[in-house]
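Asker:
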Amino acid sequence: MTPPMYKRVRDVFMEKELIGEFTPQTLAWTDTGNKIDKFIVFRPSGGSNIDKDIGGDYYVMVDVISAVGKEKYQDADDTVNRIIEFVRENPLVSKCLGQITNLGGVPAPVLTTDRRLVYRLMFACLYGSD
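If you read the sequence shown in full-length UniProt numbering, its first letter stands for residue 1, the second for the next number, and so on.
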């Protein structure tokens, strides 16, 4: 599958302007050291069996990471809710994704040691090539 599903999700979220001013990254979060930077990280997260000629679920983890400081948390929360709402309303947004579904809703955010708020969203893309 070219490109991999997590990159397809990234591309669709960027195309639909869902990530705002968050810096997109893939596979792992790399902090720039700048406390005002905010990030969104796309990575594979398993799925169902992937067999030839049969559709399968591709799981994609999306981490939304705020800038440092309590006053910056709302921007991350707004971005998370914009993404969830968009996916709920547009499950068939792209042939490249198949059907995208949020798994688990909006989880409780966690704080990093440097006071960044992190939401870990999970999506399933049910995809079978033509």
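Ideal Cβ positions, reconstructed from N, Cα and C, are used throughout, including at glycine. No experiment lies behind these values; they were computed from the predicted model shown.
For A124, name the three-state secondary structure that DSSP assigns.
Answerer: For the purposes of this step, residue 124 is identified with residue 124 of the sequence shown, where counting begins at 1. Residue state, collapsed to three classes: strand.
Asker: Sort out for me which residues DSSP pairs Y119 with in a bridge.
Answerer: Mapped onto the sequence shown, residue 119 falls at position 119. Y119 is bridged to V64.
Asker: Can you give the Cα-Cα distance for S94 and P4, rounded to whole angstroms?
Answerer: If you number the sequence shown from 1, residue 94 lands on position 94. If you number the sequence shown from 1, residue 4 lands on position 4. Those two C-alpha atoms are separated by around 14 Å.
Asker: Less than 8 Å between the CB atoms is what I'm expecting for R82 and L18, so what's the real figure, rounded?
Answerer: Locating residue 82 in the sequence shown gives position 82, where the first residue counts as 1. Locating residue 18 in the sequence shown gives position 18, where the first residue counts as 1. Right, the Cβ-Cβ distance comes to about 6 Å (below 8 Å), so this counts as a contact.
Asker: State the beta-bridge partners of V110 as determined by DSSP.
Answerer: By 1-based counting over the sequence shown, the position of residue 110 is 110. DSSP, once it has assigned bridges, lists V118 as partnering V110.
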